[in-house]
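Chemist: Numbering that gives the first Met the number 0 puts the first residue of the sequence shown at 0, with every later residue one more than the last. The structure follows.
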Amino acid sequence: MSAQKGRSEDRSYTDWMSQLPPELHDNPLHNLTIPGSHDSMSYDLDLSSAIIEPDGLKKLSKMYCVRKILYKWARTQEESILKQLDAGVRYFDLRIARKDNDPDPNRLYFYHGLLTQTDVETILRVMNDWAERHPKEILILSFSHFKGFVKRYEDQLHCHLINFIKTLFGAKLCKRHPFPTLKSCWENGTNVIISYDYPANMHQEIWGKIPYYYGNSMDITKVQTKLCRVLERDRPYQCLFVCGLNLTLPEDHKILRYIFFRMWDNLARVLERSLPPLLHWVSQQGAKTPMNIVASDVVTQDGFVATVVQLNTQKHVKA
Numbered sequence: 000m001s002a003q004k005g006r007s008e009d010r011s012y013t014d015w016m017s018q019l020p021p022e023l024h025d026n027p028l029h030n031l032t033i034p035g036s037h038d039s040m041s042y043d044l045d046l047s048s049a050i051i052e053p054d055g056l057k058k059l060s061k062m063y064c065v066r067k068i069l070y071k072w073a074r075t076q077e078e079s080i081l082k083q084l085d086a087g088v089r090y091f092d093l094r095i096a097r098k099d100n101d102p103d104p105n106r107l108y109f110y111h112g113l114l115t116q117t118d119v120e121t122i123l124r125v126m127n128d129w130a131e132r133h134p135k136e137i138l139i140l141s142f143s144h145f146k147g148f149v150k151r152y153e154d155q156l157h158c159h160l161i162n163f164i165k166t167l168f169g170a171k172l173c174k175r176h177p178f179p180t181l182k183s184c185w186e187n188g189t190n191v192i193i194s195y196d197y198p199a200n201m202h203q204e205i206w207g208k209i210p211y212y213y214g215n216s217m218d219i220t221k222v223q224t225k226l227c228r229v230l231e232r233d234r235p236y237q238c239l240f241v242c243g244l245n246l247t248l249p250e251d252h253k254i255l256r257y258i259f260f261r262m263w264d265n266l267a268r269v270l271e272r273s274l275p276p277l278l279h280w281v282s283q284q285g286a287k288t289p290m291n292i293v294a295s296d297v298v299t300q301d302g303f304v305a306t307v308v309q310l311n312t313q314k315h316v317k318a
């Protein structure tokens with residue numbers, strides 16, 4: 000399937016949740032199959048940013064050539080948040096960092112290797128506007144991997160971000176209890192779930208960490224094997240969870256094999272080559288074992304959204 004064909008198919012899934020069969024409307028959201036994006040903001044990386052990760056390259060931040068190579072190998076998404084939403088993506092992996100020496104003590108960015116150009120509050124406003132225009136589409140925003148939060152001001156930064164989230168999304172926020180269904184969300188006028196990987200349980204509107212399972216490898220077979228084990232033996236019940244199709248670069252010196260010795264290539268091309276066999280596996284595995292959120296890189300390519308959404312109607316998922 001060509002990349003262009005994948006984009007064309009995905010555009011028809013802008014309002015896919017509202018178009019699901021009525022018999023699925025009462026299912027808890029953990030019993031639906033939901034497409035998500037991994038490192039959702041990595042399309043927006045800033046070449047002038049300092050290197051945030053991996054730790055072994057931080058000292059080379061001043062070298063433009065190193066930042067440029069890292070940029071090629073850190074971009075897991077090609078399209079904007081707005082285009083991902085329109086394509087049908089409903090789960091977003093949002094990794095948060097504070098920029099050193101930023102004059103605004105509360106300004107935050109996203110990151111993957113490098114910081115993004117666009118700050119967190121700007122992107123959340125875009126997502127809030129989209130959620131208002133599509134009240135029957137449930138968005139799941141996962142905030143995690145907080146970097147650059149100086150210990151002295153850590154609680155203050157989290158408090159500021161959580162308060163901004165609560166104020167911005169307001170009545171659209173889904174509470175943790177009772178566990179939401181499509182029908183209950185529609186009836187209550189709620190369509191945004193916030194997962195926040197930091198102690199925040201004093202807020203009914205803020206959910207805890209959503210488990211994220213992935214293969215931690217660049218080998219497709221190892222990714223599939225790890226996810227099979229989770230789905231067949233260790234699958235969580237009665238809660239949201241993520242199966243990550245993403246390939247993962249090594250964190251040790253072996254990363255050099257990819258980012259320095261394959262100068263002709265980049266991560267997006269590797270991911271595009273890997274996605275078709277992974278989606279074939281999703282179709283086969285999803286017919287045997289229930290999946291919940293399925294997250295991927297390059298989510299607007301190769302019919303990713305269509306493959307995941309169609310699992311909802313291939314067989315009825317029992318609560």
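In this text, a Cβ means the ideal position worked out from N, Cα and C, and glycines have one as well. Predicted model only: the values in this text are computed from it and were never measured.
Could you name the residues that DSSP lists as bridge partners for F91?
Modeler: Note: F91 sits in a beta bridge opposite S36 and L140.
Chemist: Which partner residues does W206 have in the DSSP bridge list?
Modeler: Bridge partners of W206: S194.
Chemist: Between the C-alpha atoms of P289 and Y63, what's the straight-line distance to the nearest angstrom?
Modeler: So the two alpha carbons sit approximately 45 Å from each other.
Chemist: Going by DSSP, what residue range makes up the beta strand (DSSP E) through L114?
Modeler: That run of the beta strand (DSSP E) goes L113 to D118.
Chemist: Work out the CA separation of Q309 and T299 for me, nearest whole Å.
Modeler: Those two C-alpha atoms are separated by around 16 Å.
Chemist: How many angstroms separate the CA atom of S141 from the CA atom of F91?
Modeler: Taking the straight line from one Cα to the other gives about 6 Å.
Chemist: Once you ignore the five residues that flank T13 on each side, which residues in its own chain have a CB closer than 7 Å to its CB?
Modeler: The answer, listed in chain order, is D85 and G87.
Chemist: Express the C-alpha separation of M217 and L46 in angstroms, rounding to a whole number.
Modeler: One C-alpha to the other measures close to 24 Å.
Chemist: Between the Cα of Y213 and those of V222, Q18 and I205, spot the shortest distance and give me the residue it belongs to.
Modeler: Per the Cα distances, V222.
Chemist: Could you spell out where the alpha helix (DSSP H) holding A86 opens and where it closes?
Modeler: A86 -> alpha helix (DSSP H) spans I80 to A86.
Chemist: Reducing DSSP to helix, strand and coil, say where K71 ends up.
Modeler: Helix at K71.
Chemist: Check whether the Cβ atoms of R175 and W206 lie closer than 8 Å to each other.
Modeler: Closer than 8 Å, so yes.
Chemist: Quick check on the burial criterion: 16 or more other C-beta atoms within 10 angstroms. Buried or exposed for D352?
Modeler: It is not possible to answer for residue 352, since the shown part of the chain is limited to 0 through 318.
Chemist: Who does V241 pair with in a DSSP beta bridge?
Modeler: DSSP lists Y211 and I292 as partners of V241.
Chemist: I'd like to confirm the pairing. Which residues does DSSP put opposite P27 in its beta bridges?
Modeler: Beta-bridge pairing links P27 to T180.
Chemist: Starting from F163, follow the alpha helix (DSSP H) in both directions and report where the run begins and ends.
Modeler: From DSSP, the alpha helix (DSSP H) with F163 extends over E153 to F168.
Chemist: Go through its chain and collect everything with a Cβ distance to P276's Cβ below 7 Å, but skip five positions before and after it.
Modeler: These residues qualify, in order along the chain: I219.
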